[in-house]
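Trainee: Residue numbering for the sequence shown follows this note's numbering, starting at 1 and increasing by one per position.
Cβ coordinates follow ideal geometry from the N, Cα and C atoms, glycine included.
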Amino acid sequence: MSRIPVLATVALLPCLPARSGVLEDYVARENKAFNYEVRQEVTDFGLRVSSIRLTSQEWQGKEWKHWLTVFVPPVVDSHKRGVLLIEGGSNRDGMPDPKSEAGRVIGANALSLRAPVALLLQVPNQPLFENLYEDDLIAHTFDQYLRGGDDEWPLLLPMVKSATSAMDALQSMAREGKIRTPAGQACQLDEFVVGGASKRGWTTWLTAAVDKRVCALAPSVIDVLNMADQMRHQKRSYGSFSKKIRPYTSRKIMERLETPRGKLLRKTIDPFEYIEKLHQPKLMLLGTNDPYWTVDSAQLYFPELKGPKAIYYLPNAGHGLGLGILPTLNAFLLSTLNSRPFPQLETEVIEGRMEVSWKGKGKAELWTANSPTRDFREAKWSATPLEGVERVRLTPKSPKSGWSASHVTVTFPPLRTVDAPYKVSTPITVTPAEFSHE
Numbered sequence: 001m002s003r004i005p006v007l008a009t010v011a012l013l014p015c016l017p018a019r020s021g022v023l024e025d026y027v028a029r030e031n032k033a034f035n036y037e038v039r040q041e042v043t044d045f046g047l048r049v050s051s052i053r054l055t056s057q058e059w060q061g062k063e064w065k066h067w068l069t070v071f072v073p074p075v076v077d078s079h080k081r082g083v084l085l086i087e088g089g090s091n092r093d094g095m096p097d098p099k100s101e102a103g104r105v106i107g108a109n110a111l112s113l114r115a116p117v118a119l120l121l122q123v124p125n126q127p128l129f130e131n132l133y134e135d136d137l138i139a140h141t142f143d144q145y146l147r148g149g150d151d152e153w154p155l156l157l158p159m160v161k162s163a164t165s166a167m168d169a170l171q172s173m174a175r176e177g178k179i180r181t182p183a184g185q186a187c188q189l190d191e192f193v194v195g196g197a198s199k200r201g202w203t204t205w206l207t208a209a210v211d212k213r214v215c216a217l218a219p220s221v222i223d224v225l226n227m228a229d230q231m232r233h234q235k236r237s238y239g240s241f242s243k244k245i246r247p248y249t250s251r252k253i254m255e256r257l258e259t260p261r262g263k264l265l266r267k268t269i270d271p272f273e274y275i276e277k278l279h280q281p282k283l284m285l286l287g288t289n290d291p292y293w294t295v296d297s298a299q300l301y302f303p304e305l306k307g308p309k310a311i312y313y314l315p316n317a318g319h320g321l322g323l324g325i326l327p328t329l330n331a332f333l334l335s336t337l338n339s340r341p342f343p344q345l346e347t348e349v350i351e352g353r354m355e356v357s358w359k360g361k362g363k364a365e366l367w368t369a370n371s372p373t374r375d376f377r378e379a380k381w382s383a384t385p386l387e388g389v390e391r392v393r394l395t396p397k398s399p400k401s402g403w404s405a406s407h408v409t410v411t412f413p414p415l416r417t418v419d420a421p422y423k424v425s426t427p428i429t430v431t432p433a434e435f436s437h438e
């Protein structure tokens with residue numbers, strides 16, 4: 001927890017195209033390997049903490065095992081919802097310590113939210129296939145699929161099933177009265193708010209697309225929905241792909257995404273392909289300087305998202321956001337757990353002027369950064385206050401040379417006296433519209 005996931009046709013499988021609904025089929029399939037065991041229960045800092053050993057599935061002949069830890073506060077509201085946080089880690093890790101720094105942060109969140117909060121580790125199970133981890137592992141499975149492997153090769157399938165199996169285990173425990181407060185009050189769990197970062201953020205999107213128990217989602221530092229367009233956009237902006245996605249580019253995954261089989265892969269693993277199913281409230285947490293993606297990647301998918309949606313950009317942050325996003329994340333969790341609306345910023349361009357509006361009290365700032373190229377990974381962001389009540393108007397201006405990136409962030413007052421102010425942003429825009437590398 002130190003880190004704040006038919007015999008007759010077997011021979012023909014490599015030649016068969018992926019079916020529509022491959023992910024849905026995989027998640028819904030009978031899961032004979034599923035199992036869980038409560039290994040430890042402790043009461044500490046006013047919380048009941050259960051450490052669970054979960055077997056989520058068998059994939060490619062390997063059982064996937066996880067540590068699933070659930071923190072239950074002394075007072076739980078009656079909404080019958082919980083939070084599921086998806087994290088990584090190694091198969092070699094032992095049972096996590098609820099008294100670790102990460103455990104204390106999650107426990108504090110459970111106390112604040114008055115809801116059970118569960119942490120699922122080892123998503124994906126790793127290392128696999130001769131010591132492969134993270135993107136190298138995912139890219140290897142994509143390569144196996146693109147070479148003609150069966151439909152189940154893409155690693156996002158078992159990663160999503162890890163999350164759905166965790167929800168299965170938590171609901172089973174709740175039905176048996178094993179999810180309870182320190183005083184013994186049983187908790188019901190009908191729905192979950194799901195969150196995760198990077199590959200776990202990717203998993204969060206796909207889990208929300210195929211499992212109706214996900215009532216809201218909070219993916220972070222995964223800014224690559226609409227993947228084919230994103231890769232073209234990155235090359236036009238940088239002239240080449242980011243070094244951070246080298247596990248994919250070294251295997252020529254990006255070029256192969258345009259092949260017939262590559263398009264079937266995208267249909268299975270690109271959250272943008274499920275956009276009509278993603279109507280839940282959603283909060284995207286991003287860093288302005290994330291080296292994996294272009295600064296304005298959200299422009300390629302955010303306008304198309306359905307249902308309530310919000311973004312928060314942490315200024316001058318890369319792929320690791322740290323604690324700076326907690327006030328916004330906690331406000332979103334508190335709102336969605338209790339079926340209350342979370343602020344959304346509406347953006348409209350009228351006669352060349354951009355108008356940003358919102359409901360309720362809020363103070364707006366314009367955040368900007370400049371760069372001699374369309375690459376803002378090393379740019380420095382600074383803020384200027386904006387005047388306006390529930391709306392601001394501004395005129396985007398191109399710099400005399402190079403490019404400028406900007407977004408508006410609105411700071412909202414705390415939801416409760418014990419909370420901190422929280423922030424919501426507009427998607428980043430870049431001017432001029434031309435690209436560095438056409």
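Identify whether Ala449 lies in helix, strand or coil by the three-state DSSP scheme.
Mentor: Examination of residue 449 is not possible in this model, given that the chain is present from 1 through 438 alone.
Trainee: Using 10 angstroms around the beta-carbon of Gln126, count the other beta-carbons present and answer buried if the total reaches 16, otherwise exposed.
Mentor: Counting from 1 along the sequence shown, the entry for residue 126 is found at position 126. Burial call: buried.
Trainee: For Thr55 versus Phe71, is the C-beta spacing smaller than 8 Å?
Mentor: Along the sequence shown, read from residue 1 onward, the residue named residue 55 stands at position 55. Along the sequence shown, read from residue 1 onward, the residue named residue 71 stands at position 71. No. Outside cutoff.
Trainee: Buried or exposed: which applies to Asp270, given that a residue is buried once 16 or more other Cβ atoms fall within 10 Å of its Cβ?
Mentor: Indexing the sequence shown from 1 puts residue 270 at position 270. Counting Cβ neighbours within 10 Å, Asp270 comes out buried, since at least 16 surround it.
Trainee: Heavy atom of the ligand ATP less than 7 Å from the Cβ of Ala166, yes or no?
Mentor: In terms of ligand content, the structure shown is empty, and the ligand ATP therefore cannot be addressed.
Trainee: Name the residue from Gly362, Lys99, Thr395 and Tyr313 whose alpha carbon lies nearest to the alpha carbon of Glu348.
Mentor: Your numbering for residue 348 matches position 348 in the sequence shown. If we check each option's Cα against that of Glu348, Thr395 comes out closest.
Trainee: Under 7 Å Cβ to Cβ from Ser357, same chain only, skipping five residues before and after it: list those, please.
Mentor: Residue 357 sits at position 357 when you count from the first residue of the sequence shown. Closer than 7 Å at Cβ, skipping near neighbours: Glu346, Glu390 and Arg391.
Trainee: Can you grab the Cα-Cα spacing for the pair Pro414 / Tyr422, in whole Å?
Mentor: As a first step, residue 414 is located in the sequence shown; it is residue number 414 there, counting from the start. As a first step, residue 422 is located in the sequence shown; it is residue number 422 there, counting from the start. Straight-line Cα distance between these residues: approximately 7 Å.
Trainee: Pull the bridge partners of Ser51 from the DSSP assignment, please.
Mentor: Mapped onto the sequence shown, residue 51 falls at position 51. Looking at the DSSP assignment, Ser51 forms a beta bridge with Gln40 and Thr69.
Trainee: At the level of alpha carbons, what is the spacing between Glu58 and Leu157?
Mentor: Taking the first residue of the sequence shown as 1, we reach residue 58 at position 58. Taking the first residue of the sequence shown as 1, we reach residue 157 at position 157. If I take the Cα positions, the gap works out to 11 Å.
Trainee: Grab me the residues of Met231's own chain with a C-beta within less than 8 Å of its C-beta, minus the 5 sequence neighbours each way, in chain order.
Mentor: The sequence position of residue 231 within the sequence shown is 231, counting from 1. Cβ within range, chain order: Phe241, Met254 and Leu257.
Trainee: Taking all protein chains shown into account, do 16 or more other C-beta atoms lie within 10 angstroms of the C-beta of Thr429, making it buried, or fewer, making it exposed?
Mentor: Looking up residue 429 in the sequence shown gives position 429. It is buried - the Cβ of Thr429 has at least 16 other Cβ atoms within 10 Å.
Trainee: When you compare the CB positions of Trp403 and Pro385, do they come within less than 8 Å of one another, or not?
Mentor: For this step, residue 403 is matched to residue 403 along the sequence shown. For this step, residue 385 is matched to residue 385 along the sequence shown. Result no, Cβ atoms of Trp403 and Pro385 do not sit closer than 8 Å.
Trainee: Which whole runs of the beta strand (DSSP E) in the stretch 82-120 are 3 residues long or more, in chain order?
Mentor: As far as the stretch 82-120 is concerned, its whole beta strand (DSSP E) runs of at least 3 residues are 117-120.
Trainee: Going straight from the alpha carbon of Val210 to that of Ala110, what length do you get?
Mentor: The residue you call residue 210 lines up with position 210 of the sequence shown. The residue you call residue 110 lines up with position 110 of the sequence shown. So the two alpha carbons sit approximately 26 Å from each other.
Trainee: From Ala186 to Asp44, what does the alpha carbon distance come to, in whole angstroms?
Mentor: As a first step, residue 186 is located in the sequence shown; it is residue number 186 there, counting from the start. As a first step, residue 44 is located in the sequence shown; it is residue number 44 there, counting from the start. Their backbone Cα atoms lie some 18 Å apart in a straight line.
Trainee: What does a CB cutoff of less than 8 Å around Val6 pick up in its chain, not counting 5 residues either side in sequence?
Mentor: Along the sequence shown, read from residue 1 onward, the residue named residue 6 stands at position 6. Low local confidence applies: a pLDDT of 31 at Val6 is under 50, so the model's placement there is unreliable, with the coordinate-based value given in what follows. Cβ neighbours of Val6 beyond the five flanking positions: none.
Trainee: Apart from the five residues just before and just after Lys309, which ones in its own chain have a Cβ nearer than 6 Å to its Cβ?
Mentor: The residue labelled residue 309 in the question sits at position 309 within the sequence shown. Here the set comprises Lys282.
Trainee: Does any residue of chain D have a CB that is nearer than 8 Å to the CB of Ile275?
Mentor: No chain D is present in this structure, which holds just one protein chain.
Trainee: Glu276 by DSSP, collapsed to three states: which one?
Mentor: As a working note, residue 276 is residue 276 in the sequence shown. Glu276: helix per DSSP, three-state reduction.
Trainee: Compare the beta carbon distance of Val76 and Pro116 with 8 Å and say whether it is the shorter of the two.
Mentor: The sequence position of residue 76 within the sequence shown is 76, counting from 1. The sequence position of residue 116 within the sequence shown is 116, counting from 1. In contact: Val76 and Pro116 (Cβ atoms closer than 8 Å).
Trainee: Which residue comes first and which comes last in the alpha helix (DSSP H) that contains Ser162?
Mentor: Here residue 162 refers to the residue found at position 162 of the sequence shown. Ser162 -> alpha helix (DSSP H) spans Leu156 to Arg175.
Trainee: Counting only the same chain and skipping the five closest in sequence on each side, list residues whose C-beta sits under 6 Å from that of Val38.
Mentor: Counting from 1 along the sequence shown, the entry for residue 38 is found at position 38. These residues qualify, in order along the chain: Ser50 and Ile52.
Trainee: Compute the Euclidean distance between the alpha carbons of Lys99 and His79, then round it to the nearest angstrom.
Mentor: As a working note, residue 99 is residue 99 in the sequence shown. As a working note, residue 79 is residue 79 in the sequence shown. Roughly 27 Å between the two C-alpha positions.
Trainee: Have a look at Trp293 and Leu146 and give me their C-alpha separation to the nearest angstrom.
Mentor: The residue labelled residue 293 in the question sits at position 293 within the sequence shown. The residue labelled residue 146 in the question sits at position 146 within the sequence shown. When rounded, the distance between both Cα atoms is 23 Å.
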